[in-house]
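Asks: Below is the structure I would like to discuss, written out as structure tokens.
Residue numbers (the numbering used here): 191 to 354.
Structure, rendered in structure tokens:
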């Protein structure tokens, strides 16, 4: 009974972390996608896709978003039914390695966004373009933290399930 309660609590915690990651990645995606800057002198408009670092950041958000949607569906199924979709050792290994890879990918996207924004601010004063990009990178960093915490929970399940 104790093991079932512990497993149920862990499944609910992982689901909560995945929902929080989903929310933060969604907001980060919206912020970076609507980020534009109009140059006063020429009237040209700069968008996120004009900057390689921001394109990389949005790519990591989308990849993390898709992975997180898949894992949310798996987690909802596990919480509702009590069974896992990906049963056996392969499912636990997928969760473990997937969470690790995606969390580091999200971290690299956030670092790329922060890095370019800091460099840009050396030449251009702080404005809504850099502010939205910084906010998006910050939310992406928070998404990384939630995914990294979820990876800790999936690593706890690994020795119990996959090694036996």
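Idealized CB from N, CA, C, for every residue including glycine.
#1: Sort 340, 290 and 319 by Cα distance to residue 241 and report the nearest one.
#2: Do residue 295 and residue 253 have their beta-carbon atoms positioned less than 8 angstroms apart in this structure?
#3: Looking only at C-alpha atoms, which of 215, 265 and 310 sits nearest to residue 335?
#4: Where residue 205 and residue 217 are concerned, what is the direct C-alpha to C-alpha distance, given to the nearest angstrom?
#5: Helix, strand or coil, according to DSSP, for residue 298 in the structure here?
#6: So is residue 258 buried or exposed if we call it buried at 16+ other beta carbons inside 10 Å?
#7: Given that a residue counts as buried once 16 or more other Cβ atoms are within 10 Å of its Cβ, and exposed if not, what is residue 199?
#8: Ordered along the chain, which non-local residues of its own chain (more than five positions away) have a Cβ less than 6 angstroms from that of residue 327?
#9: At the level of alpha carbons, what is the spacing between residue 260 and residue 288?
#10: Just confirm the distance between the C-beta atoms of residue 323 and residue 244, as a whole number of angstroms; I'd bet it's less than 8 angstroms.
Replies: According to the structure shown:
#1: The residue among 340, 290 and 319 with its C-alpha nearest the C-alpha of residue 241 is 319.
#2: Residue 295 sits close to residue 253, with the two beta carbons spaced by under 8 angstroms.
#3: Selected option, being the one with the closest Cα: 215.
#4: Going from the Cα of residue 205 to the Cα of residue 217 covers about 19 angstroms.
#5: Secondary structure of residue 298 (DSSP, three-state): helix.
#6: Under this definition residue 258 is a buried residue.
#7: Residue environment for residue 199: exposed (fewer than 16 other C-beta atoms within 10 angstroms of its C-beta).
#8: Excluding sequence neighbours, residue 327 sits near 300, 303 and 304.
#9: Spanning the alpha carbons of residue 260 and residue 288 requires a straight line of approximately 11 angstroms.
#10: That pair is a contact at about 6 angstroms.
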